[in-house]
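> Submitted below is the structure of interest, expressed as structure tokens.
Numbering (the numbering used here), first residue to last: 88 to 619.
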């Protein structure tokens, strides 16, 4: 259910999803947190679900408000009241080439969720959460919507907020693409970035920061996609019904990737009721822990590039009991299949669509001729133009081999250690922001590594980010520079060639070389010009 204001008492009889407390002081840190430390008042996104849904239980016994999807007949084109009316009723498209190339005998279909108004499946839950909160009297004109998200839910909420007139603040990890940030800003949302490496229960995580903001801003609400019953309900009521109508009730397998889990939970519950023989396949990226059995999640990998799916906790709304089998996806196959869907089928989809399709091509091998597999394609290529759509990004990340047909400059294969690298400038994490800005301006640098007293690199700080943070009031001049640190940065070995470094510098402004040396675009240009 949507988060209630702290002063209101919850009606625990109306919804089994909502715990008796809306604010758990300190969360997992309750023993170490004083009652007045509001920044640690939060609700865990992985609280045990109290959902009463059971297969075979009549819909009339549900405590929730359900919507009915009417059978769609061809209608004349007409003017829509607002863009929010373009959420839902996404097309089902036959995959004509890829299935045959991989030897599938069954019919392969794609539910193209990137045709929603905001470009992703998350538009559905965003609109439903907002409308349900309005109907419950929780959201009122002038209120603020805050949401921790990997981006797509944020875009859906920002879209609804723009149309309906709410203030919107989106908290998202640094890993997420700049395209998502740009779209959110264009929609009028305020953006807060958090370290990708922060655990979900850390105060620095996107969840922790969102709750701190909610406690500080009057009339602010976290609709909480991880716990909100409206998330799976909208897929149960509409997405699944659309699939059933489009397939005329004939579905033998459904493949969907899991993030919050609302999509696969809502769809699978309805399909289990209407198509008992349909096999539900869940997709979880390597490095995530959503799959079962738990042995599937055993890996040394903790970071993956695909966005919008997988988590380091199991969201409350994810019902894994309705998933018949889980598969783990990997970045290389995901991006390869996403690019193939674009090239071979003309479907301008995102990376997680490739994850779902890569698994479908394996799972659907068990299906026979005349059977049907439906794959959910969650979002579009719009959010990833500078990522997997870029050959250079794919090469830099190791997902593609360098194209040997392209003529390379004379310096391409020269090693990095041949550069005349200057001695590195570093700062300690305890140095103030004001002092760091002074040092960078004095030395003429745009960025500097932050190292601890033992010389271990903690991250990078950039002049631009520090100045914007200072101007926005996010940090004070007297604050330690560790507050504006980038913990993600590109590394390169001394034995790597300048071609690899060149690819990095085409995307990023700097890279760190082992042995604690740093080089930027100037060093490479200086070396090349000096040898012409």
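Every residue, glycine too, gets a C-beta built ideally from N, C-alpha and C. This structure is a prediction, so every number in the text was calculated from the model and none was measured.
Determine whether the beta carbon atoms of residue 342 and residue 450 lie at a separation below 8 Å.
As a first step, residue 342 must be located in the chain shown, where it is residue number 255. As a first step, residue 450 must be located in the chain shown, where it is residue number 363. Cβ atoms of residue 342 and residue 450: closer than 8 Å.
> Quick check on the DSSP output: what are the complete alpha helix (DSSP H) runs of length 4 or more inside the region 486-555, in order along the chain?
For the region 486-555, whole alpha helix (DSSP H) runs of length 4 or above, ordered along the chain, are 520-530.
> Given this structure, state the Cα-to-Cα distance separating residue 438 from residue 201, to the nearest angstrom.
Counting from one through the chain shown, the residue named residue 438 turns up at place 351. Counting from one through the chain shown, the residue named residue 201 turns up at place 114. Roughly 12 Å separates the two Cα atoms.
> Could you tell me whether the Cβ atoms of residue 192 and residue 454 are closer together than 8 Å?
As a working note, residue 192 is residue 105 in the chain shown. As a working note, residue 454 is residue 367 in the chain shown. Their beta carbons are under 8 Å apart, which means residue 192 touches residue 454 by this criterion.
> Does the Cβ of residue 293 have 16 or more other Cβ atoms within 10 Å, making it buried, or fewer, making it exposed?
The count along the chain shown starts at 1 and reaches residue 293 at position 206. Residue 293 is buried by the Cβ-count criterion.
> DSSP three-state call for residue 584: helix, strand or coil?
Start at 1 with the first residue of the chain shown, and residue 584 comes out as number 497. Here residue 584 sits in strand by DSSP.
> Count the C-beta pairs between the region 171-181 and the region 306-317 that are closer than 8 Å, then say yes if the count reaches three, no if not.
The region 171-181, when compared against the region 306-317, does not touch it at the 8 Å Cβ threshold.
> With respect to the alpha helix (DSSP H) encompassing residue 148, which residues constitute its N-terminal and C-terminal limits?
The residue you call residue 148 lines up with position 61 of the chain shown. Taken as a continuous stretch (DSSP letters only), residue 148 belongs to no alpha helix (DSSP H), as it is neither H nor E.
> Grab me the residues of residue 479's own chain with a C-beta within less than 8 Å of its C-beta, minus the 5 sequence neighbours each way, in chain order.
Mapped onto the chain shown, residue 479 falls at position 392. 590, 593, 594.
> May I ask you to report which of helix, strand or coil DSSP gives residue 471?
Here residue 471 refers to the residue found at position 384 when the chain shown is read from its first residue. Reduced to three states, the DSSP call for residue 471 is helix.
> Could you spell out the range, first to last residue, of the alpha helix (DSSP H) harbouring residue 390?
The residue labelled residue 390 in the question sits at position 303 within the chain shown. Element bounds for residue 390: n/a, residue is neither H nor E.
> Evaluate residue 153 with the Cβ neighbour count: other Cβ atoms within 10 Å of its Cβ, from every protein chain shown; 16 or more gives buried, anything less gives exposed.
Within the chain shown, residue 153 is the residue found at index 66, counting from 1. Its Cβ having fewer than 16 others within 10 Å, residue 153 is exposed.
> How close, in whole Å, do the beta carbons of residue 280 and residue 259 come, if the pair is a contact with beta carbons under 8 Å?
Taking the chain shown and counting its residues from 1, the one referred to as residue 280 is at position 193. Taking the chain shown and counting its residues from 1, the one referred to as residue 259 is at position 172. Indeed they touch by this definition, with Cβ atoms about 6 Å apart.
> Assign residue 323 to one of three DSSP states: helix, strand, or coil.
Mapped onto the chain shown, residue 323 falls at position 236. Note: residue 323 maps to helix in three-state DSSP.
> Indicate the three-state DSSP secondary structure (helix, strand or coil) for residue 600 in the structure shown.
Numbered from 1 along the chain shown, position 513 holds the residue referred to as residue 600. Residue state, collapsed to three classes: strand.
> Please list the segments of the beta strand (DSSP E) lying wholly inside the region 357-444, counting only runs of 3 or more residues, in order along the chain.
Counting only runs of 3 or more, we get 366-372, 412-416.
> Go ahead and pull the three-state DSSP assignment for residue 129.
As a position in the chain shown, residue 129 is number 42, starting the count at 1. Here residue 129 sits in strand by DSSP.
> Once you ignore the five residues that flank residue 599 on each side, which residues in its own chain have a CB closer than 8 Å to its CB?
The residue labelled residue 599 in the question sits at position 512 within the chain shown. Cβ neighbours of residue 599 beyond the five flanking positions: 536, 544, 547, 576, 577, 578, 579, 605.
> Pull up the DSSP beta-bridge partners for residue 195, would you.
Locating residue 195 in the chain shown gives position 108, counting from the first residue. BP columns for residue 195 point to 460.
> Quick one: what's got a C-beta closer than 8 Å to residue 523's C-beta in the same chain, skipping five residues either side?
Within the chain shown, residue 523 is the residue found at index 436, counting from 1. For residue 523, where only same-chain residues beyond five positions count, the Cβ hits under 8 Å are 514, 535, 548, 553, 568.
> Whole angstroms is fine: what's the gap from residue 457's alpha carbon to residue 269's?
On the chain shown, position 370 is the one that residue 457 refers to. On the chain shown, position 182 is the one that residue 269 refers to. Each residue's alpha carbon lies about 44 Å from the other.
> What residues in its chain sit with their C-beta under 8 Å from that of residue 385, if we drop five residues either side in the sequence?
Walking along the chain shown from the start, residue 385 turns up at place 298. Closer than 8 Å at the Cβ level, and outside the excluded window around residue 385, lies no residue.
> Determine, using beta carbons only, whether residue 396 and residue 327 come nearer to each other than 8 Å.
Along the chain shown, one-based indexing puts residue 396 at 309. Along the chain shown, one-based indexing puts residue 327 at 240. Against a cut-off of 8 Å, the Cβ pair of residue 327 and residue 396 comes out as no contact.
> Count the other CB atoms, across all protein chains shown, that sit within 10 Å of the CB of residue 301; report buried if there are 16 or more and exposed otherwise.
As a working mapping, residue 301 is identified with position 214 in the chain shown. Counting Cβ neighbours within 10 Å, residue 301 comes out buried, since at least 16 surround it.
> In angstroms with no decimal places, state the Cα-to-Cα distance between residue 203 and residue 235.
The residue labelled residue 203 in the question sits at position 116 within the chain shown. The residue labelled residue 235 in the question sits at position 148 within the chain shown. Rounded to whole angstroms, residue 203 to residue 235 spans 21 Å at the Cα level.
> Note down, in chain order, each residue of its chain lying with its Cβ closer than 7 Å to the Cβ of residue 571, except the 5 sequence neighbours on either side.
To locate residue 571, count along the chain shown from 1; it is residue 484. Taken in chain order, the residues that qualify are 520, 548, 552, 553, 556, 562.
> Helix, strand or coil for residue 575? Go by DSSP, reduced to three states.
Start at 1 with the first residue of the chain shown, and residue 575 comes out as number 488. Looking at residue 575 - three-state DSSP - the assignment turns out to be coil, as it is neither helix nor strand.
> Say whether the region 358-377 touches the region 411-423, bearing in mind that this needs 3 or more beta-carbon pairs closer than 8 Å, one atom from each stretch.
Taking 8 Å as the limit for Cβ pairs, the verdict is that the region 411-423 does touch the region 358-377.
> Mind reading off the beta-carbon distance from residue 219 to residue 253? Whole number of angstroms is fine, and I expect it under 8 Å.
Translated into the one-based positions of the chain shown, residue 219 becomes position 132. Translated into the one-based positions of the chain shown, residue 253 becomes position 166. Contact flag wrong, Cβ pair sits at about 14 Å.
> Could you tell me the distance, in whole angstroms, from the CA atom of residue 401 to the CA atom of residue 390?
The count along the chain shown starts at 1 and reaches residue 401 at position 314. The count along the chain shown starts at 1 and reaches residue 390 at position 303. One C-alpha to the other measures close to 17 Å.
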